[in-house]
Amino acid sequence: MKNGILQILILLMGLTQVNAQKYHLDVSPGKSKSEIDILIDTAWNNRISNPDKSIENAKLALHHSEKIGYTKGKASSLKVLGYVYRFRYDYSKAIDYFLLSLDFYRKIKDQPSISLIYFNLGVIYRSVGSFNLAVDFFNQSIKIDSLLNDKNGISTSMLSITICYLNSGEYLKCIDYGYKTLAIKTEIGDSSGIAAVNNNLGMAYDYLKKYDEALDYYKAALDYYYKSGAKLEYSMCLNNIGVLYYNKKEFKLANEFITQSMEMKEKLGDTASMGSAYVNAGLIYYENNDYEKAKSYLYKAVKIREYYTNYISEADLYYNMADLYKNVSNIDSAEYFALKSFEIVYKNKNNYYLHHVSLLLSDIYKIKKDSEKAQYYSKIARQANDKLKIEEKESDLERIKLEKKVAEHNLKLKKSHNKLKTTKQDPEYSAILWITFSIAVLLLIAGTIFLFFRNRKQ
């Protein structure tokens, strides 16, 4: 009797394991909430330094959270995945993960996290140039932070809105919002925030050619950067003031501030941004007709490879060098640098720069009286301009496509949830039922055996 029962138990356990393997079901014990939280923390800490590991840990945490019904774990895992893909500039995936995370945070009514997700969505849409949608998300974050009386969160989102207006060319709106942001940042004593707002206001007034107002805000930003010891930001603000004087064609003052900025960056060892400073200095001397010094600084920029954070920076530098040599009638050098710029933008299929560089090359070959090459590059310039118009239309369509993602949010969530749910027609559902039934039978038999032997002892 006893052996027969044991054989039945072994048979049922075997069938259970076979079904689990057949449908690739995870029947291992689930991790506890604390273990899942550790996985999420590890994923978060690796999000920048080791994104692949971060994705692996976040997905594992998500799997175990789903297994034990840990809603906060699901939300946090998805949030980390959103961050990783945001930092990878894979905005489509980042949006998907953030929206899924948002749904779970809503279920547990985690208002601070909901606000943070809205903020991140705003940052993404600002990055792709969908400024109106970005402002909408920042405002959603502000609404929640207002209920929480989180003035730091409110002012941070407001600062982001000023950047949206600055980048979209709505300078008056930037200034209006900047004043409001400045008031809150001042109230809470956020020195770095105050400096950032002042710097943005300076840039807005600079673009409006209201140089006196711009200078006042730049100087206020400088003061806060100095007091807080933010040396890198201080040097960047000096550079902005130099550019302001460059725009005013006060090249002597422009040179003074650009030089201060360069010297400070050299002390900080900020080699990467030194390239930008050298370019600005070169352009100042170029405008001041001091071509030798202009060439000297532009050559320094060429030597600093770290300056080339992207191919556009490198191509733009070579373009400036070519234009400089063309204007001093050193046509061979102009041709050399223009061709280097052309090679880069042609390889990367950047039609905006390809258009301008090709026009420059066409002019250079006209001077060299090489009509065949002049016509060749003129034709490329026209073709690039035509493609650029098409790209602009496609870019608008891409923005519309991204904006539709938000409108489709609820539908996506519903589909996502339906995938997690099973139906009677789903073979995996049948397998789960079989396993559940088998476990119940095992428990029933085990209980019967226990009672049987206990009664025999009595």
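For the sequence shown, this note's numbering begins at 466 and goes up steadily by one. Even glycine gets a Cβ: it sits at the ideal position worked out from N, Cα and C.
- Task: Identify every run of the alpha helix (DSSP H) within the region 485-559, keeping only runs that are complete inside it and at least 4 residues long; order them along the chain.
- Result: 498-510, 516-533 and 536-552
- For Ala686, which of Asn795, Asp671, Leu666 and Lys675 has the nearest alpha-carbon? Leu666
- Own chain, CB closer than 6 Å to Tyr636, minus 5 neighbours either side, in chain order: Ala669, Tyr672 and Leu673
- So what does DSSP say about Thr887, is it helix, strand or coil? Note on Thr887: pLDDT 41, under 50, position unreliable in the model; the coordinate value appears next. The answer is coil: DSSP assigns Thr887 none of H, G, I, E or B.
- Nearest to Pro516 by alpha carbon, out of Ile809, His529, Ile503 and Tyr548? Tyr548
- Message: In whole angstroms, give me the CA-to-CA distance for Asp502 and Gly587.
- Response: 27 Å
- Residue interval of the alpha helix (DSSP H) (run including Lys834): Careful: Lys834 lies outside any alpha helix (DSSP H) and carries neither H nor E.
- Task: In the DSSP assignment, find the unbroken alpha helix (DSSP H) run with Val793 in it and report its ends.
- Result: First-last for Val793: undefined, no H or E at that position.
- Determine the closest residue to Tyr841 out of Ile649, Tyr550, Val793 and Asp828, with distance taken between C-alpha atoms. Asp828
- Is Arg597 helix, strand or coil when you go by DSSP? It is worth fixing the name first, because residue 597 is Asn in this sequence and not Arg. Reduced to three states, the DSSP call for Asn597 is helix.
- Can you name, in chain order, every residue of its own chain whose Cβ lies under 7 Å from the Cβ of Phe716, other than the five neighbours on each side? Ile749, Glu752 and Asn753
- Which whole-angstrom value is the C-beta distance of Tyr924 and Ser606, which I expect to be below 8 Å? This structure leaves residue 924 out entirely; the chain is present only between 466 and 923.
- Query: Where Ile706 and Lys854 are concerned, what is the direct C-alpha to C-alpha distance, given to the nearest angstrom?
  - Reply: 35 Å
- Alpha-carbon spacing of Ile533 relative to Ile520, whole angstroms: 20 Å
- Query: Over what stretch of residues does the alpha helix (DSSP H) that includes Glu1007 continue unbroken?
  - Reply: Residue 1007 cannot be examined here, being either before or after the span of the chain that is shown, 466 to 923.
- Message: On the criterion of 16 or more Cβ atoms from any shown chain inside 10 Å, does Ile573 qualify as buried, or is it exposed?
- Response: exposed
- Task: Grab the span of the alpha helix (DSSP H) containing Lys616 for me, first residue to last.
- Result: Lys616 to Asn632
- Would you mind sorting Leu697 into buried or exposed? The rule is 16 or more other CB atoms within 10 Å of its CB. exposed
- Query: In whole angstroms, what is the alpha-carbon distance linking Asn597 and Thr536?
  - Reply: 32 Å
- Assign Leu826 to one of three DSSP states: helix, strand, or coil. helix
- Item | N-terminal and C-terminal residue of the alpha helix (DSSP H) that Glu635 is part of | Counting along the chain, Glu635 falls outside any alpha helix (DSSP H), and DSSP gives it neither H nor E.
- Message: Tell me the residue span of the alpha helix (DSSP H) that contains Cys665.
- Response: According to the sequence as given, residue 665 is Asn; it is not Cys. Run containing Asn665: Ser656 to Tyr672, per the alpha helix (DSSP H) assignment.
- Query: Hey, how far is the Cα of Arg591 from the Cα of Cys629?
  - Reply: 6 Å
- Task: Can you tell me the Cβ-Cβ gap for Ala766 and Val793, rounded? I've got them flagged as a contact below 8 Å.
- Result: About 18 Å; that fails the 8 Å criterion.
- Relative to the alpha-carbon of Ile777, which residue among Leu819, His528 and Ala742 has its alpha-carbon at the smallest distance? Leu819
- Query: Measuring CA to CA, which of Leu613, Thr621, Lys616 and Lys805 is closest to Val600?
  - Reply: Thr621
- Item | Beta-carbon proximity of Tyr550 to Lys539, cut-off 7 Å | no
- Item | C-beta atoms of Asn816 and Lys858 nearer than 7 Å | no
- Leaving out five residues before and five after Glu757 in sequence, what residues of the same chain have Cβ atoms less than 7 Å from its Cβ? none
- Distance, Cα to Cα, Asn785 vs Ala759? 10 Å
- Gln438 versus Leu703 - alpha carbon distance: The question about residue 438 has no answer here: the residues shown for the chain are numbered 466 through 923.
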